[in-house]
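*Asks:* Dumping the structure here so I can ask a few things about it.
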C-alpha cells in the first residue's frame, strides 16, 4: 500500500501523538470523574492505533523497497 507523503505524515502524527494522548486522557478522566467504559474506550483506541501503525509500517517498507531499486 503506497500513500502520498502528506497522508503518511498526518497518519503518523495521529498514530504517534494523537491516539496515545487521547487514550491516556480518557483513561485518566474516567478514573477521576467516573466516566463510563474506560477500559473499553482505551482498548479500542489502542487497537486502532496498533492497526494504523501496521499500515504505516507496510507503506514505509514499500516506499524504501521501491527507492532502492
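Residue numbers (the working numbering): 52 to 120. Note that beta-carbon positions come from the ideal geometry of N, C-alpha and C, so glycine has one too.
Measuring straight from C-alpha to C-alpha, what distance separates residue 63 and residue 116?
*Replies:* Each residue's Cα considered, the two are about 19 Å apart.
*Asks:* Is the beta carbon of residue 77 less than 8 Å from the beta carbon of residue 99?
*Replies:* No, Cβ-Cβ distance for residue 77 and residue 99 is not below 8 Å.
*Asks:* Am I right that residue 96 and residue 80 are in contact with their C-beta atoms under 8 Å? What's the rounded C-beta distance?
*Replies:* Wrong, their Cβ atoms sit about 13 Å apart, outside the cutoff.
*Asks:* Using C-beta distances below 8 Å, list every residue in its chain close to residue 89, excluding the 5 sequence neighbours before and after it, in chain order.
*Replies:* 77, 78, 81 and 82, listed in sequence order.
*Asks:* Can you look up residue 120 in the DSSP assignment and give me helix, strand or coil?
*Replies:* Coil at residue 120, not helix or strand.
*Asks:* Considering only their Cβ atoms, is the gap separating residue 53 from residue 113 smaller than 8 Å?
*Replies:* Yes; because the gap between Cβ atoms is below 8 Å, this pair is in contact.
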